[in-house]
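One structure is given here, and the rest of the page talks about it.
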Amino acid sequence: MSSTPPSDEFATPAGEETPVPDDLDVLAREAVAELGTIADLVRWGAARLDGAGVAFGHGTGDAVDEAMVLVLHAAGLRPGPPEPLFASRLTTRERRAAVGLIVRRIRERVPAPYLTGRAWFAGLELACDRRALVPRSPIAEWIERGFEPWLDPDAVERVLEIGTGGGAIAIACAMAFPGATIDAVDVSDDALALARENCAAHGVEDRVRLSRSDVYAGVRGRYDLIVGNPPYVDAETMASLDPEYRHEPRIGLEAGPDGLDCVRRILAEAGGRLRSGGVLVCEVGASRAALERAFPTTGFTWLELERGGEGVFLLTGAQLAEFPGTG
Ligand SMILES: C[S@@+](CC[C@H](N)C(=O)[O-])C[C@H]1O[C@@H](n2cnc3c(N)ncnc32)[C@H](O)[C@@H]1O
39 MSSTPPSDEF
49 ATPAGEETPV
59 PDDLDVLARE
69 AVAELGTIAD
79 LVRWGAARLD
89 GAGVAFGHGT
99 GDAVDEAMVL
109 VLHAAGLRPG
119 PPEPLFASRL
129 TTRERRAAVG
139 LIVRRIRERV
149 PAPYLTGRAW
159 FAGLELACDR
169 RALVPRSPIA
179 EWIERGFEPW
189 LDPDAVERVL
199 EIGTGGGAIA
209 IACAMAFPGA
219 TIDAVDVSDD
229 ALALARENCA
239 AHGVEDRVRL
249 SRSDVYAGVR
259 GRYDLIVGNP
269 PYVDAETMAS
279 LDPEYRHEPR
289 IGLEAGPDGL
299 DCVRRILAEA
309 GGRLRSGGVL
319 VCEVGASRAA
329 LERAFPTTGF
339 TWLELERGGE
349 GVFLLTGAQL
359 AEFPGTG
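Each position in the sequence shown, counted from 1, maps to that position plus 38 in our numbering.
Spelled out as C-alpha cells, the structure:
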C-alpha cells in the first residue's frame, strides 16, 4: 500500500509555463505524509528550491533562507523564532500549507513575499503584493542609522521619497526621523494604494504624505533628504530577467537603454530641491558603472553596505549645485 495520500493537490495546472521537476507532486505528497518538524520542512524545501534552480533576491539570498520564510509563514510564525521551535512538529494542515507554498514557489516562480503577502524592511513588517515591487533596497541599513554622519536625524524636518512603491522607505524614514514629514511620490496608483495601507498599519499616515507625481512634477519646496530607489534596470537586463522579476510591475524596474532614464531626472533637479546641508541618496544597483560613465567628473560617494546589495550613492547639496544639467 502506498504511504502517500491519493491526492492531486500539488498537480501541475494546465498551461504551466515554467518547467518543473517531473516528480515534484510525488515528493510533495511524501513530504506532507512523512515529515514532521519545521526543521524537516525547511530542509526539504531548501533541497527542492535548489534542485529547481529558482532565483533568489527578493529578501533572501539562498534556498535555506527562502524555505525558512515559507515554512515559518505556514506555521504562523514571524522570522527569527527561538531556536527550539525549529524542532516543533506541525499539524497536517500546516505541513500541507508549507509544502504548497514551496511547490508554488517552484512552479510559478513567484517571489516568496508575494506568496506570503508580507515583507520585512528596516525591521518593519509590511503588506506586500503585486501592486508594488517587493521592498528590498539596501538603503534600509542607512535609514536605520539616520544617514549619520551626513545628516543629524533630530534636525531632519522634510524628506522626499521618489518612487515609494508600497511605502517601505517612506515609513522607515518616518520612524528614523521622528520630527520629519515625508513626501512620498509615485506614478503608480496601485503602488500608492498599497503604500496607503502600509502607512495606516504603522500609524504614520499623518506624517507620510503620499501623492501621484512624475519625479518632481507635483512636489514643492526644499528638503533635508531626497531619497529614492527608482527604476534602474537597463534594456539588456530587462530582456533576460529571471522569471521571479517578471511578476513585479515593469514600471518599477525598466529605465531605458542604460538604466538611467529616471536617475538622470532625479539628479538634474535635486540641487534646487535641497535645503542647505541636505543630501540626495539614491540606489542605482548594477547601473553604477553606467552612471559613472555618464557623469565621469561627479564625485559620487558610494555608501558602504554591510548587509549586502550594491550601488547606493550620496551627493550633497553643494555637489548637486555644480551638477551638469542643473539649472
Ligand atoms: C524600484 S521601485 C521602488 C519601490 C520602493 N521604493 C522600494 O524600494 O521597494 C521604483 C518605484 O518608482 C516608481 N516610478 C517609476 N517611474 C517613476 C516616475 N517617473 N516618477 C515617480 N515614481 C516612479 C515605480 O512605480 C516604482 O514604484
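The C-beta atom is built at its ideal place from N, Cα and C for all residues, glycine as well.
Every value quoted in this text rests on a predicted model; they were computed, and no experiment measured them.
In this structure, DSSP gives R247 an extended state, which the three-state scheme calls strand.
Taking C-beta separations shorter than 8 Å and ignoring five residues to either side along the sequence, the partners of R156 in its chain run H111, E163, L164, A165, C166, following chain order. By the neighbour-count definition (other C-beta atoms within 10 Å, threshold 16), V80 is a buried residue.
Around the Cβ of E274, a 10 Å sphere holds fewer than 16 other Cβ atoms; the residue is exposed.
In this structure R311 is not in contact with D262, their Cβ atoms being roughly 11 Å apart against a cut-off of 8 Å. Within 7 Å of the C-beta of P187 there is not a single heavy atom belonging to ligand 1. The Cβ atoms of G266 and A233 lie no closer than 8 Å to each other. A residue is called buried once 16 or more other Cβ atoms fall within 10 Å of its Cβ, and P149 is buried on that count. A contact is defined here as three or more CB-CB pairs under 8 Å, and the segment 237-244 fails this definition with respect to the segment 169-177.
In this structure, N267 has its beta carbon less than 7 Å from a heavy atom of ligand 1. Following the DSSP letters along the chain, one finds L87 inside the alpha helix (DSSP H) bounded by residues 76-90. In this structure, C300 has its CB closer than 7 Å to one or more heavy atoms of ligand 1. Our two residues, H285 and R168, have alpha carbons roughly 7 Å apart in a direct line. Counting C-beta atoms within 10 angstroms of its own C-beta, P268 has 16 or more neighbours from the protein chains shown and is therefore classed as buried. Looking from the CA of D228, the closest CA among F215, I289, A277, E186 belongs to I289. In this structure, R143 sits away from L198, with a CB-CB distance that is not shorter than 8 Å.
Contact between A222 and E182 is ruled out by a C-beta separation of about 18 Å, above the 8 Å threshold. C320 sits in a strand when the DSSP states are folded into three classes. The DSSP assignment places complete beta strand (DSSP E) segments of no fewer than 3 residues inside the segment 199-255 at 219-224, 246-250, in order along the chain. Within its own chain, the residues whose Cβ lies closer than 7 Å to the Cβ of A210, once the five positions on either side in sequence are excluded, are F159, A160, L162, A178, I181, listed in chain order. With respect to the C-alpha of R127, the residue from G114, I264, L171, F333 having the closest C-alpha is G114.
In this chain, the alpha helix (DSSP H) harbouring T130 covers 130-146. The beta carbon of V253 sits closer than 7 Å to at least one heavy atom of ligand 1.
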